[in-house]
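These notes are about the structure you will find just below.
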Amino acid sequence: MPEASPSSKLVEFKGGKLSVMNAFLRETDAMKLADALHVMLGGMPDFFSGETTVLDFRHLAVAPDRIDWTSLLSMLRRYQLQPVAVRNLPEHYAASARQAGLALLSGEESEGGVPEAPPPPRQAAQPAQQPQPVAAAPAAAANTMVIERPLRSGQQIYARDTDLVLLAGVSHGAEVIADGSIHCYGPLRGRALAGARGNVAARIFSMNFGPELISVAGVFRTFERGIPESVAGKAAQVRLDEEGDKQNLVVEPISLS
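Just so we're aligned: the sequence shown equals residues 28 to 284 in this note's numbering.
Given below as C-alpha coordinates:
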(Lines of atoms letter the chains of each structure in order from A and count residues from 1; the text may use other names and numbers.)
(Lines give C-alpha, C1' and ligand atoms only; values in the text may rest on other atoms or scores of the structure.)
Protein backbone atom coordinates (compact mmCIF):
# COMPACT_ATOMS: atom_id res chain seq x y z
CA MET A 1 0.00 0.00 0.00
CA PRO A 2 1.57 3.33 -1.01
CA GLU A 3 2.36 5.83 1.70
CA ALA A 4 0.50 9.11 1.73
CA SER A 5 2.56 12.03 0.54
CA PRO A 6 3.52 14.64 3.18
CA SER A 7 1.36 17.28 1.47
CA SER A 8 -1.77 15.15 1.90
CA LYS A 9 -1.62 15.64 5.68
CA LEU A 10 -1.32 19.41 5.68
CA VAL A 11 -5.04 19.64 6.46
CA GLU A 12 -7.48 17.18 8.01
CA PHE A 13 -11.18 17.50 8.69
CA LYS A 14 -12.76 15.83 11.71
CA GLY A 15 -16.10 16.19 13.42
CA GLY A 16 -16.14 18.03 16.71
CA LYS A 17 -18.24 20.01 19.15
CA LEU A 18 -18.10 23.77 19.56
CA SER A 19 -19.74 25.67 22.39
CA VAL A 20 -21.54 28.69 20.97
CA MET A 21 -23.07 31.64 22.81
CA ASN A 22 -26.38 32.86 21.35
CA ALA A 23 -26.99 36.60 21.78
CA PHE A 24 -30.67 37.48 21.30
CA LEU A 25 -30.75 41.14 20.29
CA ARG A 26 -33.82 43.32 20.67
CA GLU A 27 -31.86 46.40 19.64
CA THR A 28 -29.11 47.15 17.08
CA ASP A 29 -27.85 50.48 18.46
CA ALA A 30 -24.37 49.78 19.87
CA MET A 31 -24.57 52.53 22.52
CA LYS A 32 -27.91 51.34 23.88
CA LEU A 33 -26.69 47.75 23.97
CA ALA A 34 -23.47 48.81 25.70
CA ASP A 35 -25.48 50.59 28.40
CA ALA A 36 -27.66 47.51 28.86
CA LEU A 37 -24.63 45.20 29.11
CA HIS A 38 -22.96 47.52 31.59
CA VAL A 39 -25.98 47.28 33.88
CA MET A 40 -26.56 43.57 33.32
CA LEU A 41 -22.94 42.60 33.93
CA GLY A 42 -22.26 45.05 36.71
CA GLY A 43 -19.64 46.96 34.73
CA MET A 44 -17.42 43.91 34.21
CA PRO A 45 -15.91 44.26 30.71
CA ASP A 46 -14.19 40.87 31.03
CA PHE A 47 -17.35 38.98 32.03
CA PHE A 48 -17.10 36.78 28.95
CA SER A 49 -13.92 35.03 27.85
CA GLY A 50 -13.83 35.01 24.07
CA GLU A 51 -16.96 32.91 23.50
CA THR A 52 -17.91 32.29 19.88
CA THR A 53 -21.23 34.10 19.44
CA VAL A 54 -24.20 33.89 17.09
CA LEU A 55 -26.36 37.03 16.91
CA ASP A 56 -30.06 36.13 16.80
CA PHE A 57 -32.47 38.84 15.63
CA ARG A 58 -35.82 37.08 16.10
CA HIS A 59 -36.78 39.51 18.89
CA LEU A 60 -35.74 42.69 17.09
CA ALA A 61 -38.36 45.26 18.12
CA VAL A 62 -37.65 48.05 15.63
CA ALA A 63 -35.83 47.52 12.34
CA PRO A 64 -33.64 50.53 11.45
CA ASP A 65 -32.79 51.47 7.87
CA ARG A 66 -29.32 50.03 8.33
CA ILE A 67 -27.22 48.31 10.97
CA ASP A 68 -23.87 49.79 11.89
CA TRP A 69 -22.11 46.44 12.01
CA THR A 70 -18.69 48.00 12.70
CA SER A 71 -19.88 49.68 15.91
CA LEU A 72 -22.02 46.72 16.97
CA LEU A 73 -19.29 44.10 16.53
CA SER A 74 -16.65 46.33 18.07
CA MET A 75 -18.79 46.84 21.18
CA LEU A 76 -19.42 43.10 21.57
CA ARG A 77 -15.71 42.37 21.22
CA ARG A 78 -14.96 44.84 24.00
CA TYR A 79 -17.02 42.51 26.20
CA GLN A 80 -14.84 39.59 25.05
CA LEU A 81 -17.45 38.09 22.71
CA GLN A 82 -16.51 36.87 19.22
CA PRO A 83 -19.46 37.29 16.82
CA VAL A 84 -19.15 34.92 13.84
CA ALA A 85 -22.68 34.52 12.45
CA VAL A 86 -26.25 35.80 12.47
CA ARG A 87 -29.58 34.01 12.59
CA ASN A 88 -33.16 35.16 11.89
CA LEU A 89 -31.82 38.33 10.29
CA PRO A 90 -34.24 40.32 8.09
CA GLU A 91 -33.32 39.81 4.45
CA HIS A 92 -32.50 43.44 3.69
CA TYR A 93 -29.59 43.30 6.19
CA ALA A 94 -28.06 40.16 4.70
CA ALA A 95 -25.65 41.81 2.25
CA SER A 96 -24.18 44.18 4.85
CA ALA A 97 -23.84 41.31 7.35
CA ARG A 98 -21.81 39.33 4.80
CA GLN A 99 -19.62 42.38 4.15
CA ALA A 100 -18.99 42.57 7.90
CA GLY A 101 -17.67 38.99 7.79
CA LEU A 102 -20.64 37.30 9.41
CA ALA A 103 -22.05 33.99 8.26
CA LEU A 104 -25.80 33.76 7.63
CA LEU A 105 -27.38 30.79 9.39
CA SER A 106 -30.75 29.48 8.29
CA GLY A 107 -33.51 28.11 10.48
CA GLU A 108 -34.38 28.88 14.08
CA GLU A 109 -32.11 27.53 16.78
CA SER A 110 -34.03 26.57 19.89
CA GLU A 111 -33.44 29.04 22.68
CA GLY A 112 -33.24 26.20 25.12
CA GLY A 113 -30.87 24.19 22.91
CA VAL A 114 -27.41 22.91 23.60
CA PRO A 115 -25.33 25.79 22.13
CA GLU A 116 -26.23 28.27 24.86
CA ALA A 117 -25.81 27.61 28.53
CA PRO A 118 -27.99 28.46 30.30
CA PRO A 119 -30.85 29.26 27.87
CA PRO A 120 -31.94 32.88 27.40
CA PRO A 121 -35.55 34.09 27.73
CA ARG A 122 -38.24 32.23 25.76
CA GLN A 123 -39.27 32.98 22.20
CA ALA A 124 -41.84 35.76 21.93
CA ALA A 125 -44.16 33.47 19.97
CA GLN A 126 -44.26 30.82 22.69
CA PRO A 127 -46.74 30.87 25.57
CA ALA A 128 -45.47 32.61 28.69
CA GLN A 129 -43.83 30.35 31.23
CA GLN A 130 -45.73 30.06 34.47
CA PRO A 131 -43.82 31.36 37.49
CA GLN A 132 -42.71 28.63 39.85
CA PRO A 133 -44.37 28.36 43.25
CA VAL A 134 -42.63 30.21 46.06
CA ALA A 135 -41.76 27.01 47.90
CA ALA A 136 -40.27 25.32 44.85
CA ALA A 137 -36.73 26.70 44.89
CA PRO A 138 -34.55 25.45 42.01
CA ALA A 139 -32.00 22.83 42.90
CA ALA A 140 -28.39 23.94 43.22
CA ALA A 141 -26.27 23.32 40.15
CA ALA A 142 -23.40 20.86 40.12
CA ASN A 143 -20.09 22.15 41.49
CA THR A 144 -21.81 24.95 43.38
CA MET A 145 -19.40 27.74 44.34
CA VAL A 146 -19.33 28.30 48.11
CA ILE A 147 -17.82 31.48 49.60
CA GLU A 148 -17.22 31.35 53.34
CA ARG A 149 -15.71 34.80 53.92
CA PRO A 150 -17.65 38.08 53.98
CA LEU A 151 -17.31 40.21 50.86
CA ARG A 152 -16.13 43.78 51.41
CA SER A 153 -16.78 46.89 49.34
CA GLY A 154 -15.10 46.69 45.93
CA GLN A 155 -14.86 42.89 45.87
CA GLN A 156 -16.51 40.82 43.13
CA ILE A 157 -17.36 37.13 42.87
CA TYR A 158 -18.59 35.41 39.70
CA ALA A 159 -19.91 31.82 39.69
CA ARG A 160 -19.70 30.74 36.05
CA ASP A 161 -22.18 28.04 34.95
CA THR A 162 -23.25 27.32 38.52
CA ASP A 163 -25.03 28.53 41.67
CA LEU A 164 -23.34 30.75 44.24
CA VAL A 165 -23.67 30.12 47.98
CA LEU A 166 -22.52 32.88 50.36
CA LEU A 167 -22.15 31.76 53.96
CA ALA A 168 -21.24 35.26 55.20
CA GLY A 169 -22.52 38.69 54.21
CA VAL A 170 -22.12 40.96 51.20
CA SER A 171 -21.22 44.55 52.11
CA HIS A 172 -22.31 47.73 50.35
CA GLY A 173 -20.22 48.21 47.22
CA ALA A 174 -19.50 44.49 46.78
CA GLU A 175 -20.88 42.51 43.86
CA VAL A 176 -21.89 38.88 43.42
CA ILE A 177 -22.78 37.36 40.04
CA ALA A 178 -23.88 33.83 39.15
CA ASP A 179 -25.08 32.08 36.03
CA GLY A 180 -27.40 30.15 38.34
CA SER A 181 -29.08 31.18 41.60
CA ILE A 182 -27.55 33.13 44.49
CA HIS A 183 -28.05 31.94 48.09
CA CYS A 184 -26.88 34.42 50.76
CA TYR A 185 -27.04 33.32 54.40
CA GLY A 186 -25.67 36.61 55.73
CA PRO A 187 -26.73 40.21 55.14
CA LEU A 188 -27.06 41.03 51.44
CA ARG A 189 -26.09 44.69 51.06
CA GLY A 190 -24.30 44.97 47.70
CA ARG A 191 -25.25 44.08 44.14
CA ALA A 192 -26.58 40.60 43.30
CA LEU A 193 -26.98 39.43 39.69
CA ALA A 194 -28.39 35.92 39.18
CA GLY A 195 -29.01 34.15 35.88
CA ALA A 196 -26.31 36.34 34.36
CA ARG A 197 -26.37 34.50 31.04
CA GLY A 198 -30.12 34.52 30.64
CA ASN A 199 -31.31 31.79 33.02
CA VAL A 200 -34.88 32.93 33.72
CA ALA A 201 -35.33 30.19 36.35
CA ALA A 202 -32.53 31.58 38.54
CA ARG A 203 -33.40 33.22 41.86
CA ILE A 204 -31.80 35.22 44.66
CA PHE A 205 -32.28 34.05 48.24
CA SER A 206 -31.24 36.13 51.24
CA MET A 207 -31.69 35.65 54.98
CA ASN A 208 -31.20 39.41 55.56
CA PHE A 209 -32.38 41.33 52.51
CA GLY A 210 -31.03 44.82 51.84
CA PRO A 211 -29.20 45.04 48.47
CA GLU A 212 -28.36 48.08 46.37
CA LEU A 213 -29.28 46.33 43.10
CA ILE A 214 -30.72 42.98 42.10
CA SER A 215 -30.98 41.33 38.69
CA VAL A 216 -32.30 38.07 37.28
CA ALA A 217 -31.57 37.25 33.62
CA GLY A 218 -30.84 40.89 32.87
CA VAL A 219 -34.02 42.31 34.44
CA PHE A 220 -32.83 44.57 37.23
CA ARG A 221 -34.14 46.73 40.05
CA THR A 222 -32.49 49.29 42.29
CA PHE A 223 -33.54 50.55 45.72
CA GLU A 224 -32.73 54.25 45.81
CA ARG A 225 -36.02 54.83 47.62
CA GLY A 226 -35.35 52.14 50.16
CA ILE A 227 -36.14 48.46 50.63
CA PRO A 228 -39.84 47.54 50.94
CA GLU A 229 -40.76 47.14 54.59
CA SER A 230 -42.14 43.65 54.00
CA VAL A 231 -38.66 42.31 53.14
CA ALA A 232 -36.16 44.83 54.58
CA GLY A 233 -33.73 42.95 56.80
CA LYS A 234 -35.81 39.80 56.50
CA ALA A 235 -35.61 36.49 54.67
CA ALA A 236 -36.64 37.08 51.07
CA GLN A 237 -36.36 35.73 47.57
CA VAL A 238 -36.22 37.35 44.14
CA ARG A 239 -37.67 35.64 41.08
CA LEU A 240 -38.64 36.55 37.54
CA ASP A 241 -42.37 36.73 36.81
CA GLU A 242 -43.35 36.61 33.14
CA GLU A 243 -46.72 37.91 31.97
CA GLY A 244 -47.07 37.83 28.21
CA ASP A 245 -44.09 39.69 26.80
CA LYS A 246 -43.37 41.49 30.08
CA GLN A 247 -40.82 40.37 32.63
CA ASN A 248 -40.92 41.72 36.16
CA LEU A 249 -38.86 41.04 39.24
CA VAL A 250 -40.85 39.83 42.22
CA VAL A 251 -39.37 40.39 45.68
CA GLU A 252 -41.25 38.48 48.35
CA PRO A 253 -40.68 37.32 51.93
CA ILE A 254 -39.80 33.72 52.71
CA SER A 255 -41.62 32.05 55.56
CA LEU A 256 -39.13 30.23 57.80
CA SER A 257 -41.70 28.80 60.20
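The beta-carbon is built from N, C-alpha and C at its ideal position, and this holds for glycine as well.
Bear in mind that the values here come from a model prediction, so they are computed numbers and not experimental data.
- In the structure shown, Val-47 falls within a coil segment according to DSSP collapsed to helix, strand and coil.
- Membership of His-119 in any alpha helix (DSSP H) is not indicated, and neither H nor E is assigned to it by DSSP.
- Leu-108 sits buried, since 16 or more C-beta atoms from the chains shown fall within 10 Å of its C-beta.
- Cα atoms of Val-258 and Ala-63: separation of roughly 27 angstroms, rounded to the nearest angstrom.
- Secondary-structure assignment with DSSP links Ala-221 through a beta bridge to Val-243.
- For Leu-194, the secondary structure class from DSSP, reduced to helix, strand or coil, is coil.
- The C-beta distance from Leu-131 to Val-111 rounds to 11 angstroms, too long to fall under 8 angstroms, and the pair is not in contact.
- Counting along the chain, no alpha helix (DSSP H) covers His-199, and no H or E run does either.
- The three-state reading of DSSP puts Ala-112 in strand, counting E and B together.
- If you draw a straight line from the Cα of Asp-272 to the Cα of His-119, it comes to about 26 angstroms.
- In the structure shown, Ser-101 falls within a helical segment according to DSSP collapsed to helix, strand and coil.
- Judged by DSSP secondary structure, Leu-64 falls within the alpha helix (DSSP H) whose first and last residues are 57-67.
- Collapsing the DSSP output to three states places Lys-36 in a helix.
- For Lys-273, the enclosing beta strand (DSSP E) begins and ends at 273-280.
- For Ala-130, the enclosing beta strand (DSSP E) starts and ends at 130-132.
- With a threshold of 16 other beta carbon atoms within 10 Å, Arg-224 meets it and is buried.
- Distance between Leu-267 and Gly-260, taken at the CA atoms: about 21 angstroms.
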